[in-house]
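Chains as they are written, first to last, in my numbering: chain A, 691 to 1023; chain B, 691 to 1023.
There are 2 protein chains.
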Amino acid sequence: MSLKDVALHAGVSVKTVSNVVNDFPHVTEAMRARVQRSIDELGYRPNLTARHLRKGRTGIVALALPELGNPYFAELAAEIVDAAAAHDYTVLLDHTGGRREREILVSQGFRTRVIDGLILSPIELEAEDLEERAEQVPVVLLGEREYDLPYDHIAIDNVAAAREAVRHLLSLGRRDVAFLGARRGSSQPARLRLLGWRQALDEAGLVADDRLIAATDGWGHADGAAAMAALLDAGHRPDAVFAYNDLIAIGAMRVLHERGLRVPEDVAVVGFDDVVEGRFGAVTLTSVSPDKAFIARQAVESVLSRLGGARHEPRRIHAGHCLVRRESTLGRV
Amino acid sequence: MSLKDVALHAGVSVKTVSNVVNDFPHVTEAMRARVQRSIDELGYRPNLTARHLRKGRTGIVALALPELGNPYFAELAAEIVDAAAAHDYTVLLDHTGGRREREILVSQGFRTRVIDGLILSPIELEAEDLEERAEQVPVVLLGEREYDLPYDHIAIDNVAAAREAVRHLLSLGRRDVAFLGARRGSSQPARLRLLGWRQALDEAGLVADDRLIAATDGWGHADGAAAMAALLDAGHRPDAVFAYNDLIAIGAMRVLHERGLRVPEDVAVVGFDDVVEGRFGAVTLTSVSPDKAFIARQAVESVLSRLGGARHEPRRIHAGHCLVRRESTLGRV
DNA sequence: CGCGCCGCGTATAACGATGGAAATCCTGGG
DNA sequence: CCCAGGATTTCCATCGTTATACGCGGCGCG
């Protein structure tokens, strides 16, 4: 079922059918109707593969996220799928597990030539990995990491958001604010949020106690639980916890609960991402809420605007955020 | 950068380069090495679009899920991406919101000719919608709904799983077991799990009280919370709750907590899906755990095995499941 | 010694669609 | 009645790959 078949059926040339399909201006009404009838009758659908071979575009953007299991990324993916659909684009999904090797693979475009662009949320990727990129498809970066590279980057102001979160804890009279989630090994991923934590403490004239920084292997519930347990086992009893993300915060709250510590009376907790899950626990979670819809829209627009190799200045786009205060800091009201 | 360029550079014909790229058997070592050198030197990568136009395959399967925000589907999507990658396939993602209109659109293949197959998890879709399907790409169905249609269907034994869950509650001495999550309007989606609930009560010689069935609009935390609240407001105080899925269960537990009811002492709760989230609440959630990895593998294999229009008998594939007992029924141990 | 086959490589035609040039059809003016 | 000139439609090349058919030596065999 191709243009040829329709052309045969309608008794016209292939190109005329193509003109009808593409709403070409100079086609008589009569001809348009006649061709359209054949199209409908045969149930013709254009073969996008062929069209794209010819046009050089595929109508597909790839989205590479660390992990779909994390609701923040799942929710973001959902928004991006919708934002792309609004531009008649579809999304090819991949996840990297946050591992540098896979991130490089994705960025080098192992699947190149099928996608028009790439939206990448890197975790371990280093700037040098992207510099070597000889690929021509546009890339947009998401997330906390900052790179001095000629690509658009969309993120909230992580330092300000973290500072705000910690300030909120301090305003409640807390003094020993732990930070959960500085990645073990590479200290990069949590750098900005850690910086915000430090700044807020400094501003308040407090000393940032490095022993209250707990490293994690990953960014899941279990990692948060392990980090919290390690902190308590080491004899530290902070009166507040600021976590790298909500999952870590929730894992930490579970451990606090197991140890008989009350949230927020004994330990106040703030997370990051504002995932739905945090709104339905026994203690709802105070969290930094990034504007996911905005990030999604910007990411799609940014990548599409660079399609034809259009090289405008790379931009840092700051998405909005706000701190949603809930029971894990305020208690039941 | 195409085969032609490489051919020119190596001083051979286009097809010979193609033969080298595809590991065609009858190529001399010397020739292979010479061509390979040119390939490396020029950094050539095959254009998959063109390859697929020629071969009639795209190397892409579409995955259409109700919603990515639900961690069950997000986790399943992650597994499917991995399973597809094992076959050198990638996944094109879409979500339908569980709305019939969008499910039809997806099944009719509005994006046809870019994908080789479709893995669809329908919610409202009716059998007749699929019968009208004139598409040629293979489809595999996932999930609870059962259709008498010539497509493979992969799911756990929902009736048995639900029966098992309710039996577990009964074995703990509970007698008034509510069911949360029968979809308002179309009663289809929860049919099998509801059936299992009924069977387990019957077996135990209890009467299934329809007033303990609470309808929901969707399948999220908020829906579970609303349903639980409605049940309590209506003056019913079950001593156990079996929820259509974990999110509904967790939403319900939140409401129980707000009303001062203890889980599991006052009300025991069982969910369905075994999402990670359920393992880290203040009260961990007993849940039916489907074998997601198996479902994902089977879905991918099933769809790929039907690629060339190979028409073997449609199959009902039952994935395994087990009931994971946690605090929401057993209490802290 | 010549024939036919085998192994290796090449030339050419698809795959389905589109862009641009060429061909054709009108219409109206001279 | 012919032709210019614009509006339509057709023809042809092309995107990058792969399938098919074929060319071309060399070698075994009768």
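Just so it is clear, CB atoms sit at the ideal spot from N, CA and C, and this is done for glycine as well.
Quick caveat: nothing in here was measured; it's all calculated off a predicted structure.
Given a limit of 7 angstroms on CB to CB distance, which residues of the region 918 to 944 of chain A reach chain B? Flagged, chain order: I940, G941 and R944.
For B:V959, which residues from the same chain have a beta carbon less than 6 angstroms from its beta carbon, with the 5 sequence-adjacent residues on both sides left out? Excluding sequence neighbours, B:V959 sits near V931, A939, M943, V953 and S1018.
List the residues of chain A that B:G759 touches, going by C-beta distances under 8 angstroms, in chain order. Within 8 angstroms of the CB of B:G759, the CB atoms of chain A belong to P761, A764, E765, A768 and V966, in sequence order along the chain.
Could you check whether the Cβ of A:R969 sits closer than 8 angstroms to any Cβ belonging to chain B? The beta-carbon of A:R969 is placed less than 8 angstroms from the nearest beta-carbon of chain B.
Just how far apart, CA to CA, sit A:Y841 and B:L994? Between A:Y841 and B:L994, the alpha-carbon positions lie close to 37 angstroms from each other.
For A:A872, which of helix, strand or coil comes out of DSSP? It is a strand residue.
If the cut-off is 9 angstroms on Cβ atoms, which residues from the region 781 to 795 of chain A count as contacting chain B, listed in chain order? Listed in sequence order: V781, L782, L783, D784 and H785.
Secondary structure, beta strand (DSSP E): runs of 3+ residues fully inside the region 851 to 926 of chain A: You should have 867 to 873 and 903 to 906.
B:L732: contacting residues in chain A (beta-carbon distance under 9 angstroms): Chain order gives no chain A residues near B:L732, where near means a beta carbon separation below 9 angstroms; the closest approach is about 11 angstroms.
A:D923: which of A:L902, A:D936, A:D907 and A:L738 sits nearest, CA to CA? Distances from the alpha-carbon of A:D923 to those of A:L902, A:D936, A:D907 and A:L738 put A:L902 closest.
Counting pairs of Cβ atoms below 8 angstroms between the region 957 to 971 of chain B and the region 732 to 741 of chain B, do you hit three or more? As far as the Cβ criterion goes, the region 957 to 971 of chain B does not touch the region 732 to 741 of chain B, which means the pair count is below three.
Assuming B:H947 is part of the alpha helix (DSSP H), what are its boundary residues? Boundaries of the alpha helix (DSSP H) harbouring B:H947: D936 to E948, taken from the DSSP string.
Is the CB-CB distance between B:D907 and B:R864 below 8 angstroms? Cβ atoms of B:D907 and B:R864: not closer than 8 angstroms.
Along chain A, which residues have their Cβ under 7 angstroms away from the Cβ of B:L743? Taking the beta carbon of B:L743 as reference, the chain A residues within 7 angstroms of it are T739, A740 and L743, listed in sequence order.
What residue does the beta strand (DSSP E) around A:L994 start on, and which one ends it? Note, A:L994: premise wrong, no beta strand (DSSP E); alpha helix (DSSP H) at K982 to S995.
Residue range of the alpha helix (DSSP H) that includes B:R1016: Unbroken run through B:R1016: none, as it is neither H nor E.
Have a look at the DSSP bridge pairing and note the partners of B:G961. The partner list for B:G961 (beta bridge, DSSP) reads B:S977.
Does B:V771 have its Cβ less than 8 angstroms from a Cβ in chain A? B:V771 counts as touching chain A.
Assign B:M691 to one of two classes, buried (16 or more other C-beta atoms within 10 Å of its C-beta) or exposed (fewer than that). B:M691 should be labelled exposed.
Below 8 angstroms between beta carbons: does that hold for A:A752 and A:I805? Taking 8 angstroms as the Cβ cut-off, A:A752 and A:I805 qualify as a contacting pair.
Candidates A:R789, A:R792, A:E769 and A:G788: which alpha carbon is nearest B:L783's? Cα-wise, what sits closest to B:L783 is A:E769.
Within 8 angstroms of any Cβ in chain B, is that where the Cβ of A:T706 sits? Using a Cβ-Cβ cut-off of 8 angstroms, A:T706 does not count as an interface residue toward chain B, since no Cβ of chain B sits closer than that to its own.
So is B:H716 in contact with chain A if we call contact Cβ pairs under 8 angstroms? Closer than 8 angstroms: no.
Would you say B:T748 reaches chain A, if we count a Cβ-Cβ gap shorter than 8 angstroms as a contact? Interface residue, yes.
Looking at the strands, I want to know which residues DSSP matches up with A:A754. DSSP lists A:D784 and A:L810 as the bridge partner or partners of A:A754.
List, in order along the chain, the chain A residues whose C-beta lies closer than 8 angstroms to that of B:H911? Around B:H911, the beta-carbon contacts reaching into chain A at under 8 angstroms are V966, E967, R969 and F970.
Thinking just about the alpha-carbon of each residue, which of B:L862, B:V1014 and B:A933 is nearest to the one in B:A880? Closest by alpha carbon: B:A933.
Chain A contacts made by the region 973 to 990 of chain B, where a contact means CB separation under 9 angstroms: When C-beta distances to chain A are compared with 9 angstroms, the residues of the region 973 to 990 of chain B below that value are V973 and T974, in chain order.
To the nearest angstrom, how far is the alpha carbon of B:D913 from that of A:G971? When rounded, the separation of the alpha-carbon atoms in B:D913 and A:G971 is 15 angstroms.
Partner residues on chain B for A:A915, Cβ-Cβ distance less than 9 angstroms: For A:A915, the neighbours in chain B by C-beta distance under 9 angstroms run, in chain order, F970.
Which residues in chain B have a C-beta closer than 7 angstroms to the C-beta of A:V804? List them in chain order. Contact of A:V804 with chain B by beta-carbon distance below 7 angstroms involves L738 and T739.
Pull the bridge partners of B:A933 from the DSSP assignment, please. B:L870, per the DSSP bridge assignment.
Examine chain B for any beta-carbon lying closer than 8 angstroms to the beta-carbon of A:H777, and answer yes or no. No, because no Cβ of chain B sits closer than 8 angstroms to the Cβ of A:H777.
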